[in-house]
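Q:
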Amino acid sequence: MKVIVLGAGVIGVTTAYYLARAGVEVHVVDRRSAAAAETSSANGGVLHTSEAEPWSRPGAPLQMLRSIGRTDAPMLLRLSALPRMWRWGLSFAAHCTTRRYRIGMSANLRLSTYTLALLKDLREQLGLEYDQASRGSMKIYSNARSFDAMTEEAEAMREFGMDFKAIGMAEATALEPALAPIRDTLVGAIYYPSDEAGDCAKFTTALAAVCAGEGVTFHYDRTVIALRREQGRITAVETDGGVMTADAVVLAMGSFTPLVLRPLGIRLPIYPVKGVTVTVPSAAWPEGPRMPIIDDQLLFGINRLGDRYRCPGSVEIAGFDAAADPRRCDALARNVISVFPGFADCYDLQTAELWAGLRPMTPSGNPYLGPTPIPNLFLNAGHGHLGWTMSCGSSRVVADCVLGQEPAIDMSGLTFTGHN
Ligand SMILES: Cc1cc2nc3c(=O)[nH]c(=O)nc-3n(C[C@H](O)[C@H](O)[C@H](O)COP(=O)(O)OP(=O)(O)OC[C@H]3O[C@@H](n4cnc5c(N)ncnc54)[C@H](O)[C@@H]3O)c2cc1C
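Numbering (our numbering), first residue to last: 7 to 426.
1) Quick check: N372 and G325, are their CB atoms within less than 8 Å of each other?
2) So is the beta-carbon of E31 under 7 Å away from any non-hydrogen atom of ligand 1?
3) Relative to ligand 1, is the shortest distance from any of its heavy atoms to the C-beta of M111 smaller than 7 Å?
4) Would the beta-carbon of V222 fall within 8 Å of that of Y147?
5) Between which two residues does the alpha helix (DSSP H) carrying A350 extend?
6) Counting Cβ pairs closer than 8 Å, one from the stretch 162-177 and one from the stretch 186-204, do we hit at least three?
7) In this structure, how does DSSP classify D301 when only helix, strand and coil are distinguished?
8) Excluding five sequence neighbours on each side, which residues of the same chain lie with their C-beta closer than 8 Å to the C-beta of I109?
9) Is V35 closer than 8 Å to I10 when the C-beta atoms are compared?
10) From which residue to which residue does the beta strand (DSSP E) around T241 run?
11) Alpha carbon to alpha carbon, how far is E322 from P278? Give it in angstroms, no decimals.
12) DSSP has S143 in a bridge; who is on the other side?
13) Restricting to Cα atoms, I'd like to know which of F262, D227, I188, A214 is closest to D301.
14) Give every residue of the same chain whose Cβ lies closer than 8 Å to the Cβ of R333, excluding the five residues on either side of it in the sequence, and list them in chain order.
15) Given the structure, does V193 come close to ligand 1, in the sense that its CB is under 7 Å from one of the ligand's heavy atoms?
16) Rounding to the nearest angstrom, what Cα-Cα distance links S118 and D201 in this structure?
17) Out of R314, G281, A155, Y374, which one is the CA nearest neighbour of A337?
18) Determine contact between the stretch 67-74 and the stretch 403-415, defined as no fewer than three beta-carbon pairs at a distance below 8 Å.
19) State the Cα-Cα distance for the pair E130 and L124, rounded to the nearest angstrom.
20) Do the stretch 86-99 and the stretch 141-157 make contact, defined as three or more Cβ pairs closer than 8 Å?
21) Any idea which residues DSSP pairs F384 with across the strands?
22) To the nearest angstrom, how far is it from the Cα of H425 to the Cα of P275?
23) Taking the continuous beta strand (DSSP E) assigned at P278, which residues delimit it?
24) Does the distance between the C-beta of E44 and the nearest non-hydrogen atom of ligand 1 fall short of 7 Å?
25) Helix, strand or coil: how does DSSP classify I415 here?
26) Tell me whether V32 is buried or exposed, calling it buried when 16 or more other Cβ atoms sit within 10 Å of its Cβ.
27) What three-state label does DSSP hand A180 in the structure shown?
28) Could you check the C-alpha separation between T357 and V342 for me, to the nearest Å?
29) Who are L68's beta bridge partners in DSSP?
30) Less than 7 Å separating the Cβ of N49 from some heavy atom of ligand 1?
31) Go through its chain and collect everything with a Cβ distance to E244's Cβ below 7 Å, but skip five positions before and after it.
32) What did DSSP end up calling W361 once you bin it into helix, strand or coil?
33) CB-CB under 6 Å to F98, same chain, minus the five flanking residues each way: which ones, in chain order?
34) Going by C-alpha distance, which of Y374, P295, M396 is nearest A139?
35) If you measure between the beta carbons of T20 and L213, is that distance less than 8 Å?
36) When the Cα of E44 is compared with those of W394, T421, G399, which residue comes out closest?
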């Protein structure tokens, strides 16, 4: 069997790996000259089951609408984006009910937990190096109402596998000594012992090298132009480097996946939601956090990756523009400094690595995995803010679908039905 995987981000490369391990001849196509060159490049680097909640939650649409025009707000909807995203926006709003939010969260949690188990196997089998850390993660709160609300939310998810502990500042400081200097400003924390961290790009690049060693062919610097359909099946992939044929095709092009489906009459609701990261060397602030910390109110994270700190944040609906705006990056870094003054010792806007990426977001907050209305065309796209966290699980189940095998997890909420 021969399969073409379109996209060499973390999702495309893990798909290629599981297919190759099953004896499939795999070809990966990407317009960039290396793996993980777009959204999987400098993302937050946290494998967080703790963030399994969809962004389509009660209250979210109002919060987005209030952000219009506030260019330094952590969450920003640009007016110019509205004409192209209204259909997606309405569907997103329809998902913002407590019932749908909980269903979406439990599906993401299932997939994330599966990923962590598969990733452990991969580490043991392949010895991949990617600044991996298994210290858990923590969300911190300066406001008692937010702390209580999030604790209640996590409690409701415990039966679906959410592993957490709501703790006071004495325990939080014992687990993460970097909180000691600011403990009086906080009311509590939620600790997630199962979460992990690691550099997604390093992981993806290392796994791509393993794949190449197993016979996967990577066609870089090649742009996909169209899918050719004849008699109800995909018969070829047209690229700027020639026409390619295979028995099956997997789409893993992140936010760009819908663009090749539109001409086939399939409307896939994935919209790009931009975010930024600021990465700096950690040497000047050695006593900073060891485990990933998320400030749920200011919407930023800080994650130590080897000898660097990476701070992810910012939610911006601005179409396909993926340029890193220094003002938004600086606003993010200023928020980090307002909570962790020590971060100022290693941050300098002029020398920091500023990056932006497009989260491939679906209205439900769940990815689309497996079948499409075309029998030999499969999806592995729409992972939003959780692509690294859900990577191995998604790709394993998509490989199962391509091979006609039963996936190991319940797929409800994780497939494209045309109505989600
Ligand atoms: C600021 C930020 C922080 C994040 N932090 C985290 C985090 O801490 N943890 C987490 O789990 N997730 C995080 N994410 C989300 C995660 O990065 C994404 O969900 C994930 O990278 C998506 O992977 P992907 O392979 O689907 O897409 P991509 O990595 O974007 O890969 C798609 C590939 O398709 C290729 N492509 C597209 N169109 C074409 C074409 N026409 N022809 C050829 N090739 C094409 C692109 O070149 C690209 O390489 C974060 C995202 C952002 C923006």
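Glycine is no exception: its CB is placed at the ideal position from the N, C-alpha and C atoms.
A: So, to answer that:
1) For the purposes of this step, residue 372 is identified with residue 366 of the sequence shown, where counting begins at 1. For the purposes of this step, residue 325 is identified with residue 319 of the sequence shown, where counting begins at 1. No, these two residues do not count as a Cβ contact at 8 Å.
2) In the sequence shown, counting from the first residue as 1, residue 31 sits at position 25. Because no heavy atom of ligand 1 lies under 7 Å away, the Cβ of E31 does not count as near it: no.
3) Mapped onto the sequence shown, residue 111 falls at position 105. Because no heavy atom of ligand 1 lies under 7 Å away, the Cβ of M111 does not count as near it: no.
4) The residue labelled residue 222 in the question sits at position 216 within the sequence shown. The residue labelled residue 147 in the question sits at position 141 within the sequence shown. No, these two residues do not count as a Cβ contact at 8 Å.
5) The residue given as residue 350 occupies position 344 in the sequence shown. Taken as a continuous stretch (DSSP letters only), A350 belongs to no alpha helix (DSSP H), as it is neither H nor E.
6) yes
7) Taking the sequence shown and counting its residues from 1, the one referred to as residue 301 is at position 295. D301: strand per DSSP, three-state reduction.
8) Position 103 of the sequence shown, counted from the start, is the residue given in the question as residue 109. Closer than 8 Å at the Cβ level, and outside the excluded window around I109, lie G419.
9) As a first step, residue 10 is located in the sequence shown; it is residue number 4 there, counting from the start. As a first step, residue 35 is located in the sequence shown; it is residue number 29 there, counting from the start. Taking 8 Å as the Cβ cut-off, I10 and V35 qualify as a contacting pair.
10) The residue labelled residue 241 in the question sits at position 235 within the sequence shown. Counting along the chain, the beta strand (DSSP E) containing T241 begins and ends at 239-245.
11) In the sequence shown, counting from the first residue as 1, residue 278 sits at position 272. In the sequence shown, counting from the first residue as 1, residue 322 sits at position 316. Taking the straight line joining both Cα atoms gives about 9 Å.
12) Counted from its first residue, the sequence shown places residue 143 at position 137. Answer is Y198.
13) Here residue 301 corresponds to residue number 295 of the sequence shown, with the count starting at 1. Cα-wise, what sits closest to D301 is I188.
14) Taking the first residue of the sequence shown as 1, we reach residue 333 at position 327. Once the five neighbours on either side are set aside, the close Cβ partners of R333 are T77, D78.
15) Position 187 of the sequence shown, counted from the first residue, corresponds to residue 193. No, since every heavy atom of ligand 1 falls outside the 7 Å radius drawn around the Cβ of V193.
16) To locate residue 118, count along the sequence shown from 1; it is residue 112. To locate residue 201, count along the sequence shown from 1; it is residue 195. S118 and D201: Cα-Cα distance of roughly 10 Å.
17) Counted from its first residue, the sequence shown places residue 337 at position 331. Nearest option by C-alpha distance: G281.
18) no
19) Taking the sequence shown and counting its residues from 1, the one referred to as residue 130 is at position 124. Taking the sequence shown and counting its residues from 1, the one referred to as residue 124 is at position 118. Distance between the alpha carbons of E130 and L124: 10 Å.
20) no
21) Along the sequence shown, read from residue 1 onward, the residue named residue 384 stands at position 378. Paired residues: V256, P377.
22) Stepping through the sequence shown from its first residue, residue 425 is reached at position 419. Stepping through the sequence shown from its first residue, residue 275 is reached at position 269. Rounded to whole angstroms, H425 to P275 spans 9 Å at the Cα level.
23) Against the sequence shown, residue 278 aligns to sequence position 272. Run containing P278: 277-287, per the beta strand (DSSP E) assignment.
24) Start at 1 with the first residue of the sequence shown, and residue 44 comes out as number 38. It does: the Cβ of E44 is within 7 Å (strictly closer) of some heavy atom of ligand 1.
25) On the sequence shown, position 409 is the one that residue 415 refers to. The answer is coil: DSSP assigns I415 none of H, G, I, E or B.
26) Reading the sequence shown from its first residue, position 26 is the one you call residue 32. Under this definition V32 is a buried residue.
27) Residue 180 sits at position 174 when you count from the first residue of the sequence shown. Residue state, collapsed to three classes: helix.
28) Here residue 357 refers to the residue found at position 351 of the sequence shown. Here residue 342 refers to the residue found at position 336 of the sequence shown. So the alpha carbons of these two residues sit roughly 17 Å apart.
29) Position 62 of the sequence shown, counting from 1, holds the residue named residue 68. None; L68 has no bridge partner.
30) If you number the sequence shown from 1, residue 49 lands on position 43. N49: yes, Cβ under 7 Å from ligand 1.
31) By 1-based counting over the sequence shown, the position of residue 244 is 238. Here the set comprises I231, A232, R234.
32) The sequence position of residue 361 within the sequence shown is 355, counting from 1. Three-state result, W361: strand.
33) Sequence index remark: in the sequence shown, residue 98 carries index 92 (1-based). Cβ within range, chain order: S62, P369.
34) Along the sequence shown, read from residue 1 onward, the residue named residue 139 stands at position 133. Of Y374, P295, M396, the residue nearest in Cα terms is P295.
35) On the sequence shown, residue 20 is found 14 positions in, with the first residue counted as 1. On the sequence shown, residue 213 is found 207 positions in, with the first residue counted as 1. Yes.
36) Taking the sequence shown and counting its residues from 1, one reaches residue 44 at position 38. Nearest C-alpha to E44: W394.
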